[in-house]
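There are 2 protein chains.
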Amino acid sequence: MKNKHKQGQLRDVQDVIDIIGGRWRGAILASLCDREKRFNDLRRDVGEITPRILIKELKYLELNKLIGRNEEAPTKVSYYMTPHGKSLEPLIGAIVAWGRKHREVILSEPLEVTP
Amino acid sequence: MKNKHKQGQLRDVQDVIDIIGGRWRGAILASLCDREKRFNDLRRDVGEITPRILIKELKYLELNKLIGRNEEAPTKVSYYMTPHGKSLEPLIGAIVAWGRKHREVILSEPLEVTP
DNA sequence: GAAACAACTACCTTTCAGGATACCACCGTC
DNA sequence: GACGGTGGTATCCTGAAAGGTAGTTGTTTC
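Protein chains in written order, with UniProt numbering: chain L, 1 to 115; chain W, 1 to 115.
Right under this line is the structure:
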């Protein structure tokens with residue numbers, strides 16, 4: 001994000017966009033909604049992601065308290081959704097609903113017969 | 001967007017992110033929610049945006065049927081929210097609500113007293 | 001008819017999220 | 001003590017998005 005200098009609503013919107021936007025965060029959150037995962041589980045789950053990016057995204061989500069990190073031993077780290085992370089679910093639901101409706105609107109282009 | 005190859009919910013989420021995400025679209029939509037605006041009104045409203053970018057964003061939003069374009073004369077063009085665009089308002093409301101809550105959560109860091 | 005404005009448009013540069021690749025530290029085990 | 005697996009870092013690179021600057025077309029205004 002570059003412009004956090006906005007105030008009020010716009011700032012909130014941009015914050016949320018930042019959080020669930022981007023290439024990977026949605027997929028990571030979705031994968032963790034399912035259940036707790038270890039680093040390499042996520043790596044396999046999410047697909048083409050490189051460890052560098054995965055770590056970066058996980059740290060970001062952790063910083064934002066959406067996911068938690070559990071380290072039993074240096075080689076046993078797992079990630080899980082926090083309650084705060086789970087509170088995103090209804091919002092994602094709303095977004096999905098609007099997205100669906102939006103696609104309908106876009107697909108039903110009336111093919112204007114220009115005079 | 002690069003990966004539209006996802007299916008279902010994730011795809012909807014990404015679509016919506018694409019629409020209201022980015023540096024300017026939120027601000028433009030917010031400005032137009034208020035009332036119809038002319039090109040240079042928007043330019044002043046939104047802030048530092050250059051005409052090139054503004055045009056691009058407006059075209060994108062128009063393509064997505066969120067805003068409409070009204071050209072009375074070549075020098076009298078105005079932009080306005082379509083009904084579909086207005087249907088975004090509740091969603092933006094929900095996002096704002098979660099964003100606010102999120103900021104509270106983030107700001108109330110308990111300053112872990114590490115042992 | 002030229003100056004001033006509105007609404008674009010073209011061209012070129014910069015920035016930065018994301019990616020490829022390779023490497024490191026720690027552990028168990030054989 | 002070499003070997004393989006897990007959980008990372010470090011280094012360099014790329015491409016798309018955003019930005020800067022200037023130009024073009026039409027309009028009104030005098």
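Ideal Cβ placement from N, Cα and C applies to all residues, glycine included. Predicted model, so just to flag it, every value in this text is computed and none were measured.
Decide yes or no for the touch test of the stretch 74 to 94 of chain W against the stretch 67 to 86 of chain L: beta carbon pairs closer than 8 Å, at least 3 of them. Contact between the stretch 74 to 94 of chain W and the stretch 67 to 86 of chain L is absent, because fewer than three Cβ pairs lie under 8 Å.
Listed by chain order, chain L residues near W/V46 by CB distance under 7 Å: Neighbours of W/V46 on chain L: none; closest Cβ ~10 Å, over 7 Å.
Can you list the residues of chain L that residue 116 of chain W reaches, using a CB-CB cut of under 8 Å? Residue 116 of chain W is absent from the structure shown; chain W starts at 1 and stops at 115.
Using a Cβ cut-off of 7 Å (strictly closer), state whether L/I95 contacts chain W. Chain W contact via Cβ: present.
Can you confirm whether W/L29, when its beta carbon is compared against all beta carbons of chain L, has any partner nearer than 7 Å? No, W/L29 lies away from the interface with chain L (no Cβ there is under 7 Å from its Cβ).
Length of the line joining the Cα atoms of residue 144 of chain L and L/R100: Here chain L comprises residues numbered 1 to 115, so residue 144 of chain L is not present and cannot be evaluated.
Reduced DSSP secondary structure (H/G/I, E/B, other) of L/E72: Residue state, collapsed to three classes: strand.
Apart from the five residues on each side of it in sequence, which residues of its chain come closer than 8 Å, Cβ to Cβ, to W/L66? The beta carbon of W/L66 sits closer than 8 Å to those of I19, L29, M81, T82, H84, G85 and L88, all from its chain and outside the five residues before and after it, given in chain order.
In its own chain, which residues sit with a C-beta less than 7 Å from the C-beta of W/C33, not counting the 5 before and 5 after it? Answer for W/C33: M81 and E89, listed in chain order.
From the beta carbon of L/L42, is the nearest beta carbon of chain W less than 7 Å away? Taking 7 Å as the CB threshold, L/L42 stays off the interface with chain W.
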